[in-house]
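Participant: Going by full-length UniProt numbering, the first residue of the sequence shown is number 1, and it counts up by one from there. Glycine included, each C-beta is placed from N, C-alpha and C at the ideal position. To start, I am sharing the structure in question, which I have written as structure tokens.
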Amino acid sequence: MQRLSTATLDSLPNDVVRPAYDRAEVRQGVVHLGIGAFHRAHQAAIFDAALSSGDLRWGITGVSLRSGGVRDQLAPQDGLYSLVVRDGEAQHIRVIGAVDTVLVAPENPVAVVDSLAAADTHIVTLTVTEKGYKLDPATGRLREDDADVAADLESLDAPRTAPGFLVAALARRKAAGLPPFTAISCDNLPHNGQRLRMAVLTMAQVYDAELARWIEAECAFPQTMVDRIVPATTSPDVASVSDTLGVEDCGMVKTEPFLQWVIEDHFAGERPDFASLGVQLTDSVPPWEDAKLRLLNGAHSGLAYLGGLAGVDYIHQMVAHPEVRGFVERLWDEAQATLSPPPGLDIRSYRNELMRRFENSALQHRTRQIAMDGSQKLPQRLLATIAARSEEGFTSPALSLAVAAWMRWQSGIDDADEPFVVDDPLAGQTAAALKDCSDSAERVRALLAIGAIFPASLAADTHFERALISWLSLLEQKGALATIAEL
Ligand code: CS2
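Below you can see the structure in the form of structure tokens.
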């Protein structure tokens, strides 16, 4: 079968939407660090819409910070890929033309710095996952003990980390008399813009105080809230979409109809007319971010660990159980009480819509995918909510059950006694903490003592500790689904 490419675009079925602009005329105004499926289904779709509106400044140079996988998928396809939107039985395919080149940072770091330092580059977006910022999850400080950070603090000739690339490029821009860019973090981190800014400034300061002052004054790091469920693409997805297209598309991504992007209205220079593209610009992102992290992502993580332990593969299968829906609603009741919803967000309808999104069986969103990197996700999704409730004197049974399920997950054994690999940058640390523990109480205390995950005040909260111990022992004795029924 031929590949999707410029040459085969004309052969696609009529109902497949294609780029309606001249790709040869597009300028590369965006560099994106971390070009995984999420970026291709979210920000790239928005920049593609900007191009379709006739504003040709917003082509994307994609960067993979680790492997060449995405480059190998997209290069033979001239950067083209299909965005497959699925809702139950309905499927809509649009070919995205916004991505021009994909650079693989470890193969050619200098090319990445060159593209970030290019005069046409106005916006840098990032989806490097929580761990990619190299920050301590509990405190948000740059992890100077990390080997890649240490290397970037020694020399920026061949940067390795996202903050390192940004600092190297900003130094070049300043030296060339170019304005800085707007750096937009699109990861599910609390105060993502501030965290990115802090990481960049900490690194810049080590090299050149004057550069750090310039970045502080001139560069913009708006906060953002991004939302779209984008499960990892599987081989059967590629086979079925290629079958529909009549050409093979190894770069396809699948997603749901929902898309939300809220950006703090603070830019360093040129930008597309975001508002006309459906992006919400606001002075205050935190209320949006808290609602999304605590409701959507909090429930996701709870469902991921409980489902993963119970051997339930997909999110839609989890919410098909009445007890599990009850757990999600309880978790949302607890989280909702900590929120100050932004004007325009009706939490009741938001929750109803979220449950419908979780039910979308066409997405096949794996619980194990969401279970990855829990140490980086727990603080903003579950722990901050529990801490806020404790301060008001409230307990959090459903949220504590979700945290206990994460604790049980760290054992690497599911409810059927099957071993699995805990995919997490702190897996070594959690395994070491659990090694000599002989009962659930010891396991809870050993994990609570990991300061990179649990803030000291929460670790010292005896109500929380007791709740965790009782949930963890139930999970260990009865398994996840029977424990949920006890809530
Ligand atoms: C998920 C998110 O994998 C995960 O941790 O919770 O990727 C989630 O699907 C997105 O944040 C939805 O916007």
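I'd like the span of the beta strand (DSSP E) that includes T483, first residue to last.
Facilitator: The sequence position of residue 483 within the sequence shown is 483, counting from 1. Not the beta strand (DSSP E): T483 falls in the alpha helix (DSSP H), residues A480 to I484.
Participant: Indicate whether the contact test is met: 3 or more Cβ pairs, each with one atom in the stretch 220-228 and one in the stretch 66-75, closer than 8 Å.
Facilitator: The stretch 220-228 is not in contact with the stretch 66-75.
Participant: When DSSP labels each residue in this structure, what does L309 get in the three-state scheme?
Facilitator: Mapped onto the sequence shown, residue 309 falls at position 309. Helix, per DSSP.
Participant: Rounded to whole angstroms, what's the CA-CA distance from L310 to W409? Just pull it up for me.
Facilitator: Translated into positions along the sequence shown, residue 310 becomes position 310. Translated into positions along the sequence shown, residue 409 becomes position 409. Leu is not the amino acid found at residue 310; the sequence shown has Ala there. Between A310 and W409, the C-alpha separation is close to 11 Å.
Participant: Taking only heavy atoms of the ligand CS2 into account, decide whether any of them is closer than 7 Å to the Cβ of K131.
Facilitator: Reading the sequence shown from its first residue, position 131 is the one you call residue 131. K131 Cβ: outside cutoff for every heavy atom of the ligand CS2.
Participant: Terminal residues of the continuous alpha helix (DSSP H) containing R173?
Facilitator: For the purposes of this step, residue 173 is taken as the residue at position 173 of the sequence shown. Where R173 is concerned, the enclosing alpha helix (DSSP H) stretches over A162 to A175.
Participant: Any heavy atom of the ligand CS2 within a distance shorter than 7 Å of the CB on L296?
Facilitator: Counting from 1 along the sequence shown, the entry for residue 296 is found at position 296. It does: the Cβ of L296 is within 7 Å (strictly closer) of some heavy atom of the ligand CS2.
Participant: For A151, which residues of its own chain have a beta-carbon under 7 Å away from its beta-carbon, when the five flanking residues on both sides are left out?
Facilitator: Sequence index remark: in the sequence shown, residue 151 carries index 151 (1-based). So the list reads R160, once near-sequence residues are dropped.
Participant: If you drop the 5 nearest sequence neighbours on each side, which residues of the same chain put their C-beta closer than 7 Å to that of L189?
Facilitator: What you label residue 189 is simply residue 189 of the sequence shown in a count that begins at 1. Same-chain partners within the cutoff: E130, Y133, R195 and Q380.
Participant: Output the distance between the C-alpha atoms of R40 and V31, rounded to the nearest integer angstrom.
Facilitator: Indexing the sequence shown from 1 puts residue 40 at position 40. Indexing the sequence shown from 1 puts residue 31 at position 31. Cα-Cα distance, rounded: 13 Å.
Participant: Is it right to say R366 is buried, meaning 16 or more other beta carbons lie within 10 angstroms of its own, or is it exposed?
Facilitator: The residue given as residue 366 occupies position 366 in the sequence shown. R366 comes out buried.
Participant: Please report the Cβ distance between V85 and R18, rounded to the nearest whole angstrom; I am assuming they are in contact, meaning their Cβ atoms lie under 8 Å.
Facilitator: Taking the sequence shown and counting its residues from 1, one reaches residue 85 at position 85. Taking the sequence shown and counting its residues from 1, one reaches residue 18 at position 18. At roughly 15 Å, the Cβ-Cβ gap does not stay under 8 Å, so V85 and R18 are not in contact.
Participant: Apply the 10 Å Cβ neighbour rule to P13 and answer buried if 16 or more other Cβ atoms are within range, or exposed otherwise.
Facilitator: Walking along the sequence shown from the start, residue 13 turns up at place 13. Exposed.
Participant: In the DSSP output, what is I123 paired with across the bridge?
Facilitator: By 1-based counting over the sequence shown, the position of residue 123 is 123. Answer by DSSP bridge pairing, in chain order: V30 and T182.
Participant: What's the call for V110, buried or exposed, on a 16-neighbour Cβ count within 10 Å?
Facilitator: By one-based count along the sequence shown, residue 110 stands at place 110. The residue is exposed, with fewer than 16 neighbouring Cβ atoms inside 10 Å.
Participant: Please determine if the stretch 399-418 and the stretch 287-302 are in contact, where contact requires at least 3 C-beta pairs separated by less than 8 Å.
Facilitator: Result yes; three or more Cβ-Cβ pairs closer than 8 Å.
Participant: Out of A119, A335 and R66, which has the shortest C-alpha to C-alpha gap to G36?
Facilitator: Counting from one through the sequence shown, the residue named residue 36 turns up at place 36. Answer by Cα proximity: R66.
Participant: Here's a check: name, in chain order, each residue in its chain whose Cβ is nearer than 8 Å to the Cβ of G245, leaving out the five neighbours to either side.
Facilitator: For the purposes of this step, residue 245 is identified with residue 245 of the sequence shown, where counting begins at 1. Strictly speaking, residue 245 in this sequence is Leu, with Gly absent from that position. L4, L12, P13, V16, S82 and I93, listed in sequence order.
Participant: Just the Cα atoms here: how many angstroms apart are G278 and G344?
Facilitator: Sequence index remark: in the sequence shown, residue 278 carries index 278 (1-based). Sequence index remark: in the sequence shown, residue 344 carries index 344 (1-based). For G278 and G344, the distance between alpha carbons rounds to 15 Å.
Participant: Using only the alpha-carbon positions, how far apart do D415 and K478 sit?
Facilitator: Position 415 of the sequence shown, counted from the first residue, corresponds to residue 415. Position 478 of the sequence shown, counted from the first residue, corresponds to residue 478. Approximately 8 Å, taken between the alpha carbons.
Participant: For chain D, is any of its Cβ atoms less than 8 Å away from the one on V124?
Facilitator: In summary, chain D is missing from the structure at hand, where a single protein chain is found.
Participant: Between E329, G451, L401 and I484, which lies nearest to R466 when the distance is taken from Cα to Cα?
Facilitator: Counting from one through the sequence shown, the residue named residue 466 turns up at place 466. Ranking E329, G451, L401 and I484 by Cα distance to R466 puts L401 first.
Participant: Check whether the Cβ atoms of A335 and R271 lie closer than 8 Å to each other.
Facilitator: Counting from 1 along the sequence shown, the entry for residue 335 is found at position 335. Counting from 1 along the sequence shown, the entry for residue 271 is found at position 271. It is not a contact, given that the beta carbons lie outside the stated cut-off.
Participant: Using DSSP bridges, identify the partner residues of Q280.
Facilitator: Position 280 of the sequence shown holds residue 280. Bridge partners of Q280: V262.
Participant: Which residues does DSSP list as the beta-bridge partners of H39?
Facilitator: One-based indexing of the sequence shown puts residue 39 at position 39. For H39, which the question treats as bridged, DSSP gives no partner whatsoever.
Participant: By the three-class DSSP mapping on this structure, what secondary structure does R389 have?
Facilitator: Indexing the sequence shown from 1 puts residue 389 at position 389. In this structure, R389 counts as helix in the three-state DSSP scheme.
Participant: Would you grab the beta carbon distance between L475 and R330 for me? Rounded to a whole angstrom, and I think it's under 8 Å.
Facilitator: In the sequence shown, counting from the first residue as 1, residue 475 sits at position 475. In the sequence shown, counting from the first residue as 1, residue 330 sits at position 330. Not confirmed; about 16 Å, so no contact.
Participant: Any heavy atom of the ligand CS2 inside 7 Å of the beta-carbon of N188?
Facilitator: Along the sequence shown, one-based indexing puts residue 188 at 188. Checking the Cβ of N188 against the ligand CS2 gives yes.
Participant: Keeping to the same chain, check which residues put their C-beta closer than 8 Å to that of Q205; ignore five residues upstream and five downstream.
Facilitator: Mapped onto the sequence shown, residue 205 falls at position 205. If we look at Q205 and ignore the five residues flanking it on each side, its Cβ neighbours are A212.
Participant: Can you give the Cα-Cα distance for V26 and G59, rounded to whole angstroms?
Facilitator: As a working note, residue 26 is residue 26 in the sequence shown. As a working note, residue 59 is residue 59 in the sequence shown. If I take the Cα positions, the gap works out to 6 Å.
Participant: For my contact list, L259 and A45 are in at a C-beta cut-off of 8 Å; report their separation, rounded to the angstrom.
Facilitator: For this step, residue 259 is matched to residue 259 along the sequence shown. For this step, residue 45 is matched to residue 45 along the sequence shown. That pair is a contact at about 7 Å.
Participant: At 4 residues or longer, what runs of the alpha helix (DSSP H) sit wholly inside the stretch 410-485?
Facilitator: Counting only runs of 4 or more, we get 427-434, 440-448, 456-459, 462-478 and 480-484.
Participant: Taking Cβ positions, are H321 and E359 nearer each other than 8 Å?
Facilitator: Here the question's residue 321 lines up with position 321 in the sequence shown. Here the question's residue 359 lines up with position 359 in the sequence shown. No, they are not a contact pair.
Participant: From R173 to P286, what distance separates their C-alpha atoms?
Facilitator: The sequence position of residue 173 within the sequence shown is 173, counting from 1. The sequence position of residue 286 within the sequence shown is 286, counting from 1. Straight-line Cα distance between these residues: approximately 30 Å.
Participant: Would you tell me roughly how many angstroms separate the C-alpha atoms of I123 and I263, rounded to the nearest one?
Facilitator: Along the sequence shown, one-based indexing puts residue 123 at 123. Along the sequence shown, one-based indexing puts residue 263 at 263. Cα to Cα, the separation comes out at about 13 Å.
Participant: Determine the closest residue to E248 out of D237, P257 and T255, with distance taken between C-alpha atoms.
Facilitator: As a first step, residue 248 is located in the sequence shown; it is residue number 248 there, counting from the start. Nearest of D237, P257 and T255 to E248, Cα basis: D237.
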